[in-house]
Amino acid sequence: LSTRRFSPFYPQYEKAFSPRFLQNWSPAKPTKQGISSHEGYTQIIANDRGHLLPSVPRSKETCFPF
Numbered sequence: 001l002s003t004r005r006f007s008p009f010y011p012q013y014e015k016a017f018s019p020r021f022l023q024n025w026s027p028a029k030p031t032k033q034g035i036s037s038h039e040g041y042t043q044i045i046a047n048d049r050g051h052l053l054p055s056v057p058r059s060k061e062t063c064f065p066f
């Protein structure tokens, strides 16, 4: 047990949310040994001003429902 629980400065409300009192004990999730790499590449579709580039196909539909 941690000595922090018995400290007079330990906030009382934190005790109610500890796993022991919530009764939500569960085994730890397995972690990956390394970082997985993403496949593919980033494709730029807008210029510095935020406008779509001419090569990007535009939708004929509107995004507004009215």
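Counting from 1, one number per residue, gives the positions in the sequence shown under the UniProt record's numbering.
Beta carbons are placed, not taken as given, at the ideal position from N, Cα and C, and that holds for glycine.
Euclidean distance between Cα positions of residue i and residue j
i     : j     : result
Leu22 : Arg49 : 51 Å
Arg20 : Thr31 : 23 Å
Pro54 : Ala46 : 9 Å
Gln33 : Glu14 : 32 Å
Lys60 : Tyr41 : 26 Å
Ser36 : Phe64 : 38 Å
Ser26 : Thr62 : 48 Å
Ser18 : Gln12 : 11 Å
Ala16 : Lys29 : 23 Å
Proximal residues to residue i (C-beta, below 7 Å), its chain only, five neighbours per side dropped
i     : result
Arg58 : Leu52
Sheet register partners of residue i (DSSP bridge)
i          : result
residue 68 : Outside the shown range of the chain, which is 1 to 66, sits residue 68, and nothing can be said about it.
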